[in-house]
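Order-wise, the sequence lines are chains A and B. Heads up: the first sequence begins at 140 in my numbering, then just goes up one per residue. Heads up: the second sequence begins at 140 in my numbering, then just goes up one per residue.
2 protein chains.
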Amino acid sequence: MVVMGIDPGFGYTGYGVAQQSNGKSQIIDYGYLKLAPKDSLTARIKQFYDFFELKIKTHQVTDLVIETPFLGKNAQVFLKLGYLRGILHLLSAQNQLNLHEFSPRQIKLSVTGFGGASKEQVARAVLHFVPGLAQPKKLDVSDALAITLCGIWRSKVFF
Amino acid sequence: MVVMGIDPGFGYTGYGVAQQSNGKSQIIDYGYLKLAPKDSLTARIKQFYDFFELKIKTHQVTDLVIETPFLGKNAQVFLKLGYLRGILHLLSAQNQLNLHEFSPRQIKLSVTGFGGASKEQVARAVLHFVPGLAQPKKLDVSDALAITLCGIWRSKVFF
Chain A
140 MVVMGIDPGF GYTGYGVAQQ SNGKSQIIDY GYLKLAPKDS LTARIKQFYD
190 FFELKIKTHQ VTDLVIETPF LGKNAQVFLK LGYLRGILHL LSAQNQLNLH
240 EFSPRQIKLS VTGFGGASKE QVARAVLHFV PGLAQPKKLD VSDALAITLC
290 GIWRSKVFF
Chain B
140 MVVMGIDPGF GYTGYGVAQQ SNGKSQIIDY GYLKLAPKDS LTARIKQFYD
190 FFELKIKTHQ VTDLVIETPF LGKNAQVFLK LGYLRGILHL LSAQNQLNLH
240 EFSPRQIKLS VTGFGGASKE QVARAVLHFV PGLAQPKKLD VSDALAITLC
290 GIWRSKVFF
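In C-alpha cells:
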C-alpha cells in the first residue's frame, strides 16, 4: 500500500508519499509543486496533471488522500480548487487508485489529537511522527504530510 | 476552425460542434452525455474525460467554448462543476485547443439579442439559426448550441 496525500492549490501544492508494509509506515517522498502565476490556468492544470501522474507511476501509488474543502470568502478560488480536485479524481480513475477524503478536523485530530489545531501545531506533530524528517520549508508540505499520515493510520480501520 | 461548446453538469452535459470554413458555419454534431448517479464521482469524471477526448479527436476540434459559472445556492454543486471544468482545461492543454469563456449574458445576447433571455427563448433562437435542426430534447443541448454559436460568431471579432 502506497498512500499519497495531496493539498492542492494554484500557488503551492504540497504532497507526501508513505509506504506501508509489514505493519510499518515510512515516508518515501514529500515536497511541493509550485505553479507559475504567469502561466495560463490551462497550462498550470496540465503541469499539475503531468506532475502527479509521474509521481503516481514512479511510486506505484495505490491510494490518494485529500482534504474536504470548505467554502472560503472567495467563490472563484473555491471553484478553481475544484479544477485541481477534478484532475485528482481523473488520475484516480485512470490509475485505478482508491481516493479517500477526510475533513480538516479529522486530519488535525488524527495527527495532533485536537481537531482545532493550528497549522504550526500540525507541522510540529508531523515532525514528531516522522523521525529524521527535515523541517519542511512550506506549511503546505506539513499539511500534505498530515493528510498522508491520516490516510495511513485510518487505513488500518477504514480502508 | 472547429468549435465545440459545452455546458457541463453531473446530470446532463450538452454539447454542440460547429465547423467554420469559407466564412460559413455548420453544426456538425450535437447531443448530450448523461452520467449515471449510481456511478462514483471518480467514475463519472473519467467517463466525461473519455467522452470529450473522443469527440475532440473525431471532429478535430480546435476551440472549446464554455460559459462562466455563477455561484448558486449550493457551494458543493459549484465545487463539483469545477471538477468538470478542470477536465476541460486539461483536455484543452493536451490537445492544443484554445479555450474561450463567455458569460451567460454574452451568450444570450449573442443568440437572442437580449442578455436576460429565458432558456426557452434561447432554445427558439438556436432553432432559428440552425435550419434543419431537430428540436433538441434537452434544454442542456440548446444551451450548448447557444454557447457554440456564440463562440463561432465572436470568433470573427475576438479569436
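Yeah, the Cβ is synthetic: ideal placement off N, Cα and C, and Gly gets one too.
So, helix, strand or coil for A:Leu-238, using DSSP?
strand
Which residue or residues does DSSP assign as beta-bridge partners of B:Gly-144?
B:Gly-155 and B:Val-204
With 7 Å as the threshold, decide whether the Cβ of B:Ala-264 is near any Cβ in chain A.
no
Is any beta-carbon of chain A found at less than 7 Å from that of B:Ser-231?
yes
Contact set for B:Lys-258: own chain, Cβ-Cβ below 8 Å, skip 5 residues either direction
Leu-278, Ser-281 and Asp-282
Grab me the residues of A:Lys-194's own chain with a C-beta within less than 8 Å of its C-beta, minus the 5 sequence neighbours each way, in chain order.
Met-143, Tyr-154, Val-156, Asp-168 and Val-200
Supposed close pair B:Ile-246, B:Ile-286 - CB separation, criterion 8 Å
6 Å
What number of angstroms, rounded off, separates the C-alpha of B:His-239 from the C-alpha of A:Val-141?
39 Å
Examine chain B for any beta-carbon lying closer than 7 Å to the beta-carbon of A:His-267, and answer yes or no.
no
So what's A:Lys-177 in DSSP terms, helix, strand or just coil?
coil
Can you give me the Cβ contacts of B:Gln-274 inside the same chain, cut-off strictly under 7 Å, excluding the 5 residues immediately before and after it?
Leu-266
Alpha-carbon spacing of B:Ala-242 relative to B:Cys-289, whole angstroms
Ala is not the amino acid found at residue 242 of chain B; the sequence shown has Ser there. Going by the C-alpha atoms only, they are around 10 Å apart.
Which residues, in order along the region 207-223 of chain A, keep a beta-carbon less than 9 Å from a beta-carbon of chain B?
Pro-208, Phe-209, Leu-210, Ala-214, Gln-215, Phe-217, Leu-218, Lys-219, Leu-220, Gly-221, Tyr-222 and Leu-223
Quick check on A:Lys-219: does DSSP put it in helix, strand or coil?
helix
State buried or exposed for B:Lys-219, treating a residue as buried only when at least 16 other CB atoms are found within 10 Å of its CB.
buried
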